[in-house]
Amino acid sequence: MEIAEELAKQQKAISVAEFFEKNRQILGFDSAPRAIITCVKEAVDNSLDACEEAGILPDVFVQIKRIGDYYKIIVEDNGPGIVAEEIPRVFAKMLYGSRFHTLRQSRGQQGIGISAAVLYAQLTSGKPARVTSKIGPDRPAINYELIINTAKNEPEILHEGESDWERPRGTRIELELEGTYVRSRRQSVFGYLKNVAVVNPHARITLVEPDGNIELFERATETAPRKAYAIQPHPAGTELGELIRLLRYTERKRLGVFLRETFSSIGPITTQEICKLANLGAERAPQSLTHEEAKRLLSTFKQIKVKSPPVDCLSPIGEGLIKTGLEKEFKLDFVATAIRPVSVFAGNPFLVEVGLGYGGELDKEGRADILRFANRVPLIYQQGACAITHAAENVPWKNYSCAQPPGNGLPTGPVVLMVHIASTNIPFTSESKDAIADLPEIITETELALKEVGRKLRRYLSRQSVLSERREKEEIIKKLLPRIADKLSEILGEDKPDITLVVAKIMGNLFVKRLYDQKDGFVSVKINLENHGEIIRSFKLHEVLSQEPYSVSLETKSMPIGDNYDCFWKISLKPGEGQQISYDVPSGTKFSETVIEGLESEVVTGARVI
Amino acid sequence: MAKIDVAQEKLMGLARLLYDQFQNGIVPFIALPSRTKNNIEYSVEDDVWIYGGQETLRSVKTIRGAKTILKTVHMAELLIKEHLQNNRGSTLREVYYISENWDVAKFNEQAESDRLIEDLEIVTGLQREDFHIRPEEDGAAIFGPLRIKEQTRRGEREIHCQEDVGEAGYQIPFNVDNIQFLDHDAKIIMAIETGGMYARLIENGFDDDFGALLVHIKGQPARSTRRMIKKLNEKLNLPVVVFTDGDPWSYRIFASIAYGAIKSAHLSDQLVTPSARFLGVQPSDIVDYELSTDRLTDQDIHALRSELTDPRFKTPYWEKQINLQLELKRKAEQQAFAGKGLDYVTKTYLPERLSEMDL
């Protein structure tokens, strides 16, 4: 026998399950603390996905118990349940799932996660996964004990039965596995669920920890996120091999119809344009295209402008709920949000939405926290390798009133950043879904969104500093000046000094003061006006008098109102400018308070403002 | 006019000034000379360093300024109504505690109330004693061939500063005006920084052997100590030398005796002894006498550099000594002489230095 033939005997197919058994780090089971987090994450992702598809507000219960050397993880939801015959394959067959072949945003994509958790549990504790599911109030709950036959990648059922369950519908999974339970801040089951709660404010999540401590992440809104619809692939970014496959296996008979039906964002007019440009008849059978012609077709995709993919394949959180989510889990003084329009990378639509929280009880010194999310799933490992982090580090935070270490980086100070990337296909750097790959389109869009919230923060902070200056001045004029004046009059034994002009000067106000001089048979009146502000002030000054004035120094209009005369002057004063108005009235004339029209009441001292 | 009336009138004058500013629509302010080393200048008339023409304004335009003026007004009221009108007094620390009842005008620390009292001295041209404010410490001590008469609250006392005192010497009271010098047998006045060296010189009989009046200044000397040195210098017509550690902080002690302190330059003409001379420890002594030394700390180096830009130290002598020390990167204490034997300082170092200085 030839050596090659000898060697050929040893060649055999490897099942996916066997492959992952040997390479568990790829799926996020590389350390004991992480194993527990990953199992919880896979089960919770599935629960939330199922509830959303069924339009149910999720109520997820997570419990972790210590059993001898092992931990038992229980995750229970109020979702639609899973029909009995599907349960074994959903939980105990790798690469079995409902979402891989559709273009729609969902947490799970490949159908690996939960079966990998089952496999990990089975490998470390030797115990099967116990699954209970109920699909309606009148149906019995179905129980399974399952393991994965790794050689065949097929489920094996150890036990099958029915039972009563108080829930109307839902799914429950119990896994027993080896691991370590940690309760550190970020990379822990608690930290993970807290972040889940930020981006899923419509969900109620309960966590019972091994020591019996109960953490409740309460629902902050009754509005479920918009349901994401499946769409066709977008022509931008489609690759040649993919196009050839689509052409060959389509059931369409004509190229024009094929283009319209297979791709999103292509209508009749675009179809005509493409065919003309590629020099291909719209009537041709798609299967008849040669390799050369397919290539020509693909190049026209890039030449013409195709509109963005429809948004309804994505389910963004929305600015309102981002704000709610951040405010629910952090104590903040200010929240800014931004959502970018839908963009495309390699034919996949995606959008970026961000939130920025400032102040409150956030750490005033350290580096800003950055919460990363992909399709509503928190990313808690490998922050430094992620496109989101890289984009945040590229932003010139100094321009937005934030401290930033030299040579760029995350801002420092009381800032929390939240970035959510929604896509029909998130480009992770590895199957453990820890970090998003550095695609230029994603980095650019994330930067733009962060700059937008940065601008909003800068506006907020500059408004705050104007306010605090105003508050400081108010403290001076309301608290300190009157006390100084009181003390001075006590020391000197005199009447309290008149502080109004000083107040006007400090506040930068318009100062108005009327002086009377009793003469023989008439009163000579002077009104002093001074503009202590830094802008030109134009206004009308009214005097309401019981007698008509005479010897008026400045042209005035006066009109009788009832028994009185309303005299008014139009005046404009530059910064620092003053003016005096004088007039005489017969003795016994009644005055009312001088009135200023056309200015804010807080910038006027010494007159009534209307 | 009685002293007490002058003080009251000056304080009322300050209140009147602020009151009139309000009435005339002037945003109230108090102008003070700025108390930094950049604003002290040499006065040919008195041979001391005093404040220059730079002014800082305390204005009610800012919260800080408004609070300071409110505190000033509170303080003026306390001094007029409690101290002067009732002929009572308080210590600097008591004043700080009294402000507890002043609500927003309360002082945050004693240094703040001390500073404000200095401000009032400057504004009124008076001294804190005129407001009946006492310092805590009763100055330092003197040991040497001198007989004095002190007017105390319990009558007159005649004291000889060797025969009638214990080993610690005669305690300088805070009011030096109450002391009269009767007779003496001294040739020199020596101000000494540390208690250790003061005790060493007494133990070695240096006061008798050299006719020295030893003044223990206890670190940075209090005003009464500086006033006492000045009074001894002027009334007895004796030269003054200052003997301190060899580090930048000690040079500042010497400067406050001989040139005037930045903090109290408004009183320089009453506190400063312009003829006082620096005896040591000089940086050049570290080399000449091979003293045991410590490394200069970062703060020491910073303080030395700052002295190089201090107008009071702008003399060839100090520039040479300070630059030498920066080069050596070492400092020495007075007690370092003990390394050469307990008598070394009185038998060798001091006689040599004094003859170098022609004393």
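Quick mapping for you: the protein sequence lines, in order, are chains A and B.
The first sequence lines up with residues 56 to 665 when you count with our numbering.
The second sequence lines up with residues 3 to 361 when you count with our numbering.
Where is the CB? At the ideal position from N, CA and C, for every residue including glycine.
Since the model is a prediction, treat every value here as computed from it, not as a measurement.
**Item:** CB-CB length for A:Leu472 against A:Val409, believed under 8 angstroms
**Value:** One-based indexing of the first sequence puts residue 472 of chain A at position 417. One-based indexing of the first sequence puts residue 409 of chain A at position 354. About 7 angstroms separates the two Cβ atoms, so the contact holds.
**Prompt:** If you measure from the beta carbon of A:Lys534 to each beta carbon in chain B, is any gap under 8 angstroms?
**Reply:** The residue labelled residue 534 of chain A in the question sits at position 479 within the first sequence. Yes, A:Lys534 lies at the interface with chain B (some Cβ there is under 8 angstroms from its Cβ).
**Prompt:** So, is the C-beta of B:Gln1 closer than 8 angstroms to a C-beta in chain A?
**Reply:** As displayed, chain B neither begins before 3 nor continues past 361, which places residue 1 of chain B out of reach and without an answer.
**Request:** Give, in chain order, every unbroken run of the alpha helix (DSSP H) that is at least 4 residues long and sits entirely within the stretch 603-629 of chain A.
**Result:** none
**Message:** Quick check on B:Arg18 - is its C-beta less than 8 angstroms from some C-beta in chain A?
**Reply:** Position 16 of the second sequence, counting from 1, holds the residue named residue 18 of chain B. Yes, its Cβ sits closer than 8 angstroms to a Cβ of chain A.
**Asked** In terms of residues, what are the limits of the beta strand (DSSP E) holding A:Pro433?
**Response** Counting from one through the first sequence, the residue named residue 433 of chain A turns up at place 378. Where A:Pro433 is concerned, the enclosing beta strand (DSSP E) stretches over Val432 to Leu434.
**Request:** Give me the Cβ distance between A:Thr467 and A:Pro460, rounded to the nearest whole Å; I'm assuming they're in contact under 8 angstroms.
**Result:** Here the question's residue 467 of chain A lines up with position 412 in the first sequence. Here the question's residue 460 of chain A lines up with position 405 in the first sequence. With a Cβ gap of about 7 angstroms, A:Thr467 and A:Pro460 count as contacting.
**Prompt:** Going by alpha carbons, who is nearest to A:Glu200 out of A:Val474, A:Lys182, A:Asn268 and A:Arg194?
**Reply:** For the purposes of this step, residue 200 of chain A is taken as residue 145 along the first sequence, with counting starting at 1. Per the Cα distances, A:Lys182.
**Request:** Mind checking who A:Gln748 pairs with in its DSSP beta bridge?
**Result:** The first residue shown for chain A is 56 and the last is 665, placing residue 748 of chain A beyond what the model contains.
**Asked** Going straight from the alpha carbon of B:Ile181 to that of B:Gly55, what length do you get?
**Response** Here the question's residue 181 of chain B lines up with position 179 in the second sequence. Here the question's residue 55 of chain B lines up with position 53 in the second sequence. So the two alpha carbons sit approximately 36 angstroms from each other.
**Prompt:** If contact means a Cβ-Cβ distance below 9 angstroms, which residues of the stretch 24-42 of chain B contact chain A?
**Reply:** Phe24, Gln25, Asn26, Gly27, Ile28, Val29 and Pro30
**Prompt:** Listing by chain order, which chain B residues have their CB less than 7 angstroms from the CB of A:Glu530?
**Reply:** Along the first sequence, one-based indexing puts residue 530 of chain A at 475. Correct list: Ile65.
**Prompt:** Sorted by chain position, which residues of the same chain lie with C-beta nearer than 6 angstroms to A:Leu174's C-beta, five sequence neighbours on each side aside?
**Reply:** Stepping through the first sequence from its first residue, residue 174 of chain A is reached at position 119. Taken in chain order, the residues that qualify are Ile203.
**Asked** Which whole runs of the beta strand (DSSP E) in the stretch 201-259 of chain A are 3 residues long or more, in chain order?
**Response** 209-218 and 225-232
**Message:** Let me see if you follow: with CB-CB separation under 8 angstroms, is B:Val106 close to chain A or not?
**Reply:** Your numbering for residue 106 of chain B matches position 104 in the second sequence. Yes, because at least one Cβ of chain A sits closer than 8 angstroms to the Cβ of B:Val106.
**Prompt:** Straight-line CA distance for B:Ala224 to B:Phe280?
**Reply:** As a position in the second sequence, residue 224 of chain B is number 222, starting the count at 1. As a position in the second sequence, residue 280 of chain B is number 278, starting the count at 1. So the two alpha carbons sit approximately 18 angstroms from each other.
**Asked** Taking C-beta to C-beta, are A:Thr649 and A:Arg525 nearer than 8 angstroms?
**Response** For the purposes of this step, residue 649 of chain A is taken as the residue at position 594 of the first sequence. For the purposes of this step, residue 525 of chain A is taken as the residue at position 470 of the first sequence. Taking 8 angstroms as the Cβ cut-off, A:Thr649 and A:Arg525 do not qualify as a contacting pair.
**Asked** Are at least three pairs of beta-carbons, each pair with one atom in the stretch 590-605 of chain A and one in the stretch 617-633 of chain A, less than 8 angstroms apart?
**Response** yes
**Cα-Cα separation between A:Ile539 and B:Asp312, rounded to whole angstroms** = Your numbering for residue 539 of chain A matches position 484 in the first sequence. Your numbering for residue 312 of chain B matches position 310 in the second sequence. Their Cα atoms are separated by approximately 38 angstroms.
**Message:** With DSSP as the reference, identify every bridge partner of B:Pro35, one or two as the case may be.
**Reply:** Within the second sequence, residue 35 of chain B is the residue found at index 33, counting from 1. Looking at the DSSP assignment, B:Pro35 forms a beta bridge with B:Glu57.
**Message:** With a threshold of 8 angstroms between beta-carbons, can A:Val115 be considered close to chain C, or not?
**Reply:** Among the protein chains of the structure shown, namely A and B, there is no chain C.
**Message:** Let me see if you follow: with CB-CB separation under 8 angstroms, is A:Val470 close to chain B or not?
**Reply:** Here residue 470 of chain A corresponds to residue number 415 of the first sequence, with the count starting at 1. False, the Cβ-Cβ gap to chain B never drops below 8 angstroms.
**Message:** Under 8 angstroms, with one C-beta from each stretch per pair, do the stretch 151-162 of chain B and the stretch 118-130 of chain B reach the 3-pair mark?
**Reply:** no
**Request:** Would you mind telling me which residues of chain A sit closer than 7 angstroms to B:His76, beta carbon to beta carbon, in chain order?
**Result:** Taking the first residue of the second sequence as position 1, residue 76 of chain B is located at position 74. The answer, in chain order, is Lys542.
**Asked** Just reading off the alpha helix (DSSP H) that B:Met192 is part of, what are its end residues?
**Response** Sequence index remark: in the second sequence, residue 192 of chain B carries index 190 (1-based). Here B:Met192 belongs to no alpha helix (DSSP H); instead the beta strand (DSSP E) covers Ile190 to Ile194.
**Request:** Check whether the Cβ atoms of A:Glu17 and A:Gly563 lie closer than 8 angstroms to each other.
**Result:** Nothing in the structure corresponds to residue 17 of chain A, since chain A is present only between 56 and 665.
**Request:** Output yes if chain B places a C-beta closer than 8 angstroms to the C-beta of A:Leu376; else output no.
**Result:** On the first sequence, residue 376 of chain A is found 321 positions in, with the first residue counted as 1. False, the Cβ-Cβ gap to chain B never drops below 8 angstroms.
**Message:** Using C-beta distances below 8 angstroms, list every residue in its chain close to A:Asp124, excluding the 5 sequence neighbours before and after it, in chain order.
**Reply:** Counted from its first residue, the first sequence places residue 124 of chain A at position 69. Closer than 8 angstroms at Cβ, skipping near neighbours: Glu233.
**Prompt:** The beta strand (DSSP E) with A:Lys127 in it runs from where to where?
**Reply:** Counting from 1 along the first sequence, the entry for residue 127 of chain A is found at position 72. Start and end: Tyr125 to Asp132.
**Request:** Whole angstroms is fine: what's the gap from B:Leu34's alpha carbon to B:Leu59's?
**Result:** Taking the second sequence and counting its residues from 1, the one referred to as residue 34 of chain B is at position 32. Taking the second sequence and counting its residues from 1, the one referred to as residue 59 of chain B is at position 57. Spanning the two alpha carbons is a distance of roughly 6 angstroms.
**Asked** Within 8 angstroms (strictly less), CB to CB, does A:Ile582 reach chain B?
**Response** Here residue 582 of chain A corresponds to residue number 527 of the first sequence, with the count starting at 1. Not an interface residue.
**Prompt:** Around the C-beta of B:Asn110, are 16 or more other C-beta atoms found within 10 angstroms, so that it is buried, or is it exposed?
**Reply:** Locating residue 110 of chain B in the second sequence gives position 108, counting from the first residue. Answer is exposed; the Cβ neighbour count stays below 16.
**Prompt:** In whole angstroms, what is the alpha-carbon distance linking A:Ser535 and B:Leu184?
**Reply:** Taking the first residue of the first sequence as 1, we reach residue 535 of chain A at position 480. Taking the first residue of the second sequence as 1, we reach residue 184 of chain B at position 182. The sequence as given places Leu at residue 535 of chain A; Ser does not occur at that position. Their backbone Cα atoms lie some 54 angstroms apart in a straight line.
**Request:** Assign A:Arg307 to one of three DSSP states: helix, strand, or coil.
**Result:** Working through the first sequence from its first residue, we reach residue 307 of chain A at position 252. In the structure shown, A:Arg307 sits in coil (DSSP, three-state: anything other than H, G, I, E or B).
**Request:** Tell me, please, whether the stretch 64-74 of chain B touches the stretch 515-532 of chain A by the rule of three or more beta-carbon pairs shorter than 8 angstroms.
**Result:** yes
**Message:** For A:Val516, report the span of its alpha helix (DSSP H) as first-last.
**Reply:** Here residue 516 of chain A is taken as the residue at index 461 of the first sequence, counted from 1. The sequence given here places Leu at residue 516 of chain A; Val does not occur at that position. Taken as a continuous stretch (DSSP letters only), the alpha helix (DSSP H) holding A:Leu516 covers Pro495 to Glu530.
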